[in-house]
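Asks:
There are 2 protein chains.
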Amino acid sequence: MLKNRVKELRARYGFTQSDLGKQVDVTRQTIAFIEKGEFSPSITLSLKLAKALQTNVNDLFWLEEDDDHEK
Amino acid sequence: MLKNRVKELRARYGFTQSDLGKQVDVTRQTIAFIEKGEFSPSITLSLKLAKALQTNVNDLFWLEEDDDHEK
DNA sequence: CTCTTATGTTCGGTTTATATAACATAATGT
DNA sequence: ACATTATGTTATATAAACCGAACATAAGAG
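Sequence lines, in order, name chains S and D.
Under my numbering, the letters of the first sequence match residues 3 to 73, in that order.
Under my numbering, the letters of the second sequence match residues 3 to 73, in that order.
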């Protein structure tokens with residue numbers, strides 16, 4: 003399962019969803035969907051988001067197990 | 003423009019396109035398209051590829067300018 | 001020479017990412 | 001009270017990712 007820190011970092015920099023969308027050339031709805039974890043953006047968009055949020059892709063997105071067996 | 007080192011790292015570990023595809027749950031054609039740079043995989047697939055190739059997403063994929071002005 | 005394996009490539013399909021538009025709500029400012 | 005702004009959410013549409021199958025080529029093994 004894909005997780006991300008977009009909402010957290012966006013808030014930290016005081017960007018609105020629209021602000022961030024403009025910086026990375028997508029609509030605010032796309033940002034909203036990503037924050038909700040409803041889909042897995044392209045690596046191109048992910049790289050742009052990481053740049054806009056002054057981090058790297060590995061810190062912004064990661065995979066977590068979604069079964070009961072882990073840990 | 004999106005660039006990547008998938009082919010280089012896959013060769014380094016001696017994987018075939020099929021091997022790598024199985025590890026990350028896509029077909030060999032998908033691996034071939036990514037190596038050719040013909041599309042931008044999802045961040046989920048990118049994270050799996052980075053793991054399979056024992057690197058991180060930032061080292062595996064990056065954006066390059068495609069205009070003449072870049073130094 | 002034949003068999004197998006890796007790769008390149010194309011085509012027709014399904015699924016998912018993304019756009020655009022609309023409507024709702026809550027918060028803020030005048 | 002009204003206007004504006006940020007966000008949540010949904011619906012419909014298009015573009016792009018990805019699959020499965022097919023066919024071709026090149027290289028290595030027997």
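From the three backbone atoms N, C-alpha and C, an ideal C-beta is built for every residue, glycine too.
Just grab the DSSP bridge partners of L65(S) for me.
Replies: The residue given as residue 65(S) occupies position 63 in the first sequence. Answer is L4(S).
Asks: By the criterion of Cβ-Cβ separation under 9 Å, what are the contact partners of F35(S) in chain D?
Replies: Counted from its first residue, the first sequence places residue 35(S) at position 33. Simply none; closest approach about 13 Å.
Asks: What beta strand (DSSP E) runs, 3 residues minimum, are completely inside the stretch 32-67 of chain S?
Replies: Counting whole runs of 3 or more residues, the stretch 32-67 of chain S contains the beta strand (DSSP E) stretches 63-65.
Asks: Classify K38(D) as buried or exposed, calling it buried when 16 or more other Cβ atoms lie within 10 Å of its own Cβ.
Replies: Taking the first residue of the second sequence as 1, we reach residue 38(D) at position 36. Exposed, by the Cβ-count rule.
Asks: Below 7 Å CB to CB, which residues in the same chain sit around F41(S) once its five sequence neighbours on both sides are set aside?
Replies: Looking up residue 41(S) in the first sequence gives position 39. The residues are F35.
Asks: Looking only at C-alpha atoms, which of K5(S), T32(S) and V26(S) sits nearest to L49(S)?
Replies: Here residue 49(S) is taken as the residue at index 47 of the first sequence, counted from 1. Minimum Cα distance to L49(S) is reached at V26(S).
Asks: Can you tell me where the alpha helix (DSSP H) with G16(S) in it begins and where it stops?
Replies: Working through the first sequence from its first residue, we reach residue 16(S) at position 14. Run containing G16(S): none; DSSP gives neither H nor E here.
Asks: Find the residues of chain S that neighbour V28(D), judging by a C-beta separation of less than 9 Å, and give them in chain order.
Replies: Taking the first residue of the second sequence as position 1, residue 28(D) is located at position 26. None at all; the shortest Cβ gap to chain S is about 13 Å.
Asks: What separation, rounded to the nearest whole angstrom, lies between the Cα atoms of L62(S) and R12(S)?
Replies: Position 60 of the first sequence, counted from the first residue, corresponds to residue 62(S). Position 10 of the first sequence, counted from the first residue, corresponds to residue 12(S). Taking the straight line joining both Cα atoms gives about 11 Å.
Asks: Find the residues of chain S that neighbour S20(D), judging by a C-beta separation of less than 7 Å, and give them in chain order.
Replies: Position 18 of the second sequence, counted from the first residue, corresponds to residue 20(D). Correct list: empty, because the minimum Cβ distance to chain S is about 22 Å.
Asks: Comparing the C-beta of T46(D) with each C-beta of chain S, is any distance below 9 Å?
Replies: As a working note, residue 46(D) is residue 44 in the second sequence. By this cut-off, T46(D) is an interface position.
Asks: Please compile the residues from chain S whose C-beta is within a distance smaller than 9 Å of the C-beta of L4(D).
Replies: Against the second sequence, residue 4(D) aligns to sequence position 2. Residues of chain S passing the Cβ test: S44, I45, T46 and L49.
Asks: Could you have a look at V26(D) and say whether DSSP puts it in helix, strand or coil?
Replies: In the second sequence, residue 26(D) corresponds to position 24, counting from 1. Here V26(D) sits in helix by DSSP.
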